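What follows is one structure encoded as structure tokens, with my remarks underneath.
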């Protein structure tokens with residue numbers, strides 16, 4: 034399903050179905066910081082004044098540039114708020130620290146847990162719903178721009194990313210012999226499909242016509258920056274759900290999409306590269322015979338693909354389950370979280386551009 038915005042009109046197109054005219058959304062006055070969205074609380078705009086780093090009087094986050102991780106809980110958010118405010122390439126709720134930019138972008142990559150976060154009203158409204166009307170208004174007055182609201186299904190989603198399928202729809206199954214990759218369930222039995230039944234990509238694309246010299250964007254000084262992005266389904270640290278003639282893994286193809294399409298020269302000039310929120314692990318434990326070292330190798334490879342396409346990577350650790358009746362065990366989840374955190378902390382490349390949020 035693709036929603037394209039031309040001039041001041043938006044129509045949601047469901048392939049094979051009828052077109053629907055969306056209702057104009059309500060104006061939102063602030064960008065919701067990810068940690069605040071997780072807590073479900075409202076944001077006080079005053080805490081995100083430009084250049085202001087200290088978020089609360091009792092903030093526990095150390096003023097140390099070498100710290101890249103924080104511990105988050107619904108009752109204790111100050112540590113992560115301060116860490117992210119100091120490490121993100123912009124002050125949340127304000128314009129980018131880079132002159133000439135008109136806003137910024139967020140891309141969430143993960144499984145159903147991240148999909149639920151992306152669908153939460155505060156975050157989805159900011160990144161998707163409001164972008165579909167705020168950007169045309171700010172950059173209106175001509176017919177040269179185009180927005181696309183991209184909504185994928187469970188199967189056969191390459192075309193929504195502008196990616197081709199292999200000849201005769203050839204599909205290479207996952208490599209279980211080396212304990213390396215997914216999918217392991219529905220996606221393993223149904224080529225070009227995801228394991229997850231409810232984590233469908235849902236994001237906004239801004240075409241270059243919007244950012245052409247003829248499309249001058251104007252933002253009132255009291256208005257928040259233009260923000261857009263959304264959710265991309267990436268269930269594993271390494272999997273073969275999405276395959277193209279060029280690459281056999283989802284991660285390589287997503288990185289190629291970000292590089293060649295989402296991060297066009299004009300988009301990067303106007304918005305910068307996106308902040309990428311990444312979470313993997315819940316599905317990786319299901320890969321037959323996978324080990325901790327193999328998982329960490331996969332994460333290192335995956336983040337290495339993303340790091341050139343993201344302004345910053347926020348890696349969210351997995352929340353340990355309440356009991357051990359699931360395949361995801363409490364001790365294993367903590368061990369895998371700590372292993373990824375250690376990976377980010379010891380790598381100079383990751384230390385500079387990655388932060389770790391430990392739930």
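Residue numbers (our numbering): 34 to 392.
No residue lacks a Cβ here, since even glycine has one placed at the ideal position from N, Cα and C.
All figures in this text were calculated on a predicted structure; none of them were measured in a lab.
Cβ-based neighbour list, residue 84, same chain, cut-off 6 angstroms, excluding 5 preceding and 5 following | Note that residue 84 has pLDDT 29, beneath the 50 cutoff, so the model's placement of it is unreliable and the number below is only indicative. Correct list: empty, nothing qualifies.
Just checking, does the region 222-240 make contact with the region 182-198 on the three C-beta pairs under 8 angstroms criterion?
-> yes
In the structure shown, what three-state DSSP assignment does residue 251 receive?
-> coil
What span of residues does the alpha helix (DSSP H) with residue 304 cover, start to end?
-> 298-304
Quick one: residues in its chain with C-beta nearer than 6 angstroms to the C-beta of residue 408, no 5 flanking neighbours on either side, listed in chain order?
-> One cannot answer for residue 408 here, as it falls past the ends of the chain, which runs 34 to 392.
Nonlocal neighbours in the same chain, by C-beta distance under 7 angstroms from residue 315, ignoring five residues either side | 144, 146, 351, 361
Three-way DSSP call (helix, strand, coil) for residue 355 in this model | coil
Do you know how far the Cα of residue 140 is from the Cα of residue 263?
-> 5 angstroms
Where residue 332 and residue 373 are concerned, what is the direct C-alpha to C-alpha distance, given to the nearest angstrom?
-> Rounded to whole angstroms, residue 332 to residue 373 spans 8 angstroms at the Cα level.
Do residue 259 and the ligand ZN come close, with the Cβ less than 7 angstroms from some heavy atom?
-> The model on display carries no ligand, and the ligand ZN is accordingly not part of it.
Enumerate, from N- to C-terminal direction, the unbroken beta strand (DSSP E) stretches of 3 or more residues contained entirely within the region 153-236.
-> 180-184
Relative to the C-alpha of residue 344, which residue among 138, 290, 312 is closest?
-> 138
Grouping DSSP H, G and I as helix and E and B as strand, with all else coil, what is residue 113?
-> helix
From 251, 209, 121, 312, pick the residue whose C-alpha is nearest to that of residue 321; which is it?
-> 209
In the DSSP assignment, find the beta strand (DSSP E) that holds residue 140 and state where it starts and stops.
-> 136-143
Do residue 260 and residue 160 have their C-beta atoms closer together than 8 angstroms?
-> yes
Would you identify the three-state DSSP class for residue 260, choosing helix, strand or coil?
-> DSSP, reduced to helix, strand and coil, places residue 260 within a strand of the structure shown.
Locate the alpha helix (DSSP H) running through residue 328, then write down its first and last residues.
-> 325-339
Taking just the CA atoms, how far does residue 164 sit from residue 101?
-> 30 angstroms
Can you tell me which of 389, 357, 300, 306 puts its alpha carbon nearest to the alpha carbon of residue 179?
-> 300
Which residues share a DSSP beta bridge with residue 388?
-> 347
Going by beta carbon distance, what residues of the same chain come within less than 7 angstroms of residue 370, once the five residues before and after it are set aside?
-> Excluding its 5 nearest sequence neighbours in each direction, residue 370 has C-beta neighbours in its own chain below 7 angstroms: 350, 351, 391, listed in chain order.
Residues near residue 338 by beta carbon distance below 6 angstroms, same chain, minus five either side = 284, 288
Measure the alpha-carbon distance for residue 257 versus residue 162 and round it to whole angstroms.
-> 15 angstroms
Assign residue 287 to one of three DSSP states: helix, strand, or coil.
-> helix
Between the beta-carbon of residue 135 and the beta-carbon of residue 303, is there less than 8 angstroms?
-> yes
Taking residue 318 as part of the alpha helix (DSSP H), name the residues at either end of that continuous run.
-> That residue, residue 318, is in no alpha helix (DSSP H); it is neither H nor E in DSSP.
How many whole angstroms separate the CB atoms of residue 376 and residue 329, which I take to be in contact at a CB cut-off of 8 angstroms?
-> Yes, residue 376 and residue 329 are in contact; Cβ-Cβ is about 6 angstroms, under 8 angstroms.
Cβ-Cβ distance between residue 294 and residue 198 below 8 angstroms | no
As assigned by DSSP and simplified to three states, the class of residue 121 | Looking at residue 121 - three-state DSSP - the assignment turns out to be coil, as it is neither helix nor strand.
Status (buried if at least 16 other CB within 10 Å, exposed otherwise) for residue 325 = exposed
Through-space distance from residue 388 to residue 117, alpha-carbon basis | 8 angstroms
Three-state secondary structure (DSSP) at residue 267?
-> coil
When we look at the beta-carbon of residue 220 and count the other beta-carbons within 10 Å, is it buried (16 or more) or exposed?
-> Classification for residue 220: buried.
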